[in-house]
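Written below as structure tokens is the structure these notes are about.
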Amino acid sequence: MRQTDLREFRQYCAHPQRIAWAVAEAHGQRSICPLGWHMDTSMSPPMMAISVAPERFTHELIVTSGEFVLAWPGEDLAAATLFCGTRRGDAVDKFAELGLTPVRGRHVSAPLVAECLANLECRVAGQLTSGDHTIFIGEILDVWLHENPQRLLCSIGREAGYDFLLERGAYRFGVITR
39 MRQTDLREFR QYCAHPQRIA WAVAEAHGQR SICPLGWHMD TSMSPPMMAI SVAPERFTHE
99 LIVTSGEFVL AWPGEDLAAA TLFCGTRRGD AVDKFAELGL TPVRGRHVSA PLVAECLANL
159 ECRVAGQLTS GDHTIFIGEI LDVWLHENPQ RLLCSIGREA GYDFLLERGA YRFGVITR
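Just so you know, we're using my numbering here: the sequence shown kicks off at 39 and counts up by one.
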């Protein structure tokens, strides 16, 4: 074993990283924020945590509304994921620009995304400032699955084992080879 730096560690251990979208709505505005940082935190009640930078418009909407949808894009949404991650939701309606279909859920005001493979309706059960991000813990209130599943979108490295889809700057997307 040898000592190294965080950059090398991340190159070696950080991929694949499943991508999810935090979708939030408040005061008649909505936004989509792609995330790599999310995890299960409880089975009973079912909860997941997401990490969002305070500079993101979606962060403001989650704080204001106290809820969000966690949507899981498939391989066909790689370009949409890049678009959503590089545009501010207070400057552009990402649903309209991308032709995405908002669907009303049963428990939260934030829309589900019809084109995503899964959508989780979440109510914020807690939050914690963690350095330059906020961790939101969402209690899962309802789960929706697409009727025609495909492979989940991932942030990938350059090693073997992935079908490459899209790369721009620091962003590299693909799916795990089956």
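Here a beta-carbon is modelled for each residue, glycine too, at the ideal position from N, C-alpha and C. Nothing here was measured: the structure is a model prediction, and the numbers come from that model.
Under the three-pair Cβ rule at 8 Å, the stretch 143 to 157 counts as touching the stretch 108 to 123.
In terms of Cα proximity to Ala58, the closest of Ala87, Arg40, Asn186 and Ala64 is Ala87. Under DSSP, Asn157 takes part in a beta bridge, and its partners are Ala109 and Trp182. Taking one beta carbon from each stretch, the stretch 185 to 195 and the stretch 93 to 104 have fewer than 3 pairs nearer than 8 Å; the two do not touch. Each residue's CA atom was taken as its position, placing Ala148 and Asp170 some 25 Å apart. For the pair Gly176 and Leu120, the CB atoms are not nearer than the 8 Å cut-off.
Using a 10 angstroms sphere on the CB of Val213, the tally of other CB atoms reaches 16 or more, which defines it as buried. By DSSP's assignment, Met77 forms a beta bridge with Ala87.
Between Pro84 and Tyr200 the beta-carbon gap is near 29 Å, outside 8 Å, which marks them as no contact.
In this structure, the straight-line span from the alpha carbon of Ala62 to that of Val146 is close to 9 Å. One thing to note: Ser168 has its Cβ within 8 Å of the Cβ of Ser89.
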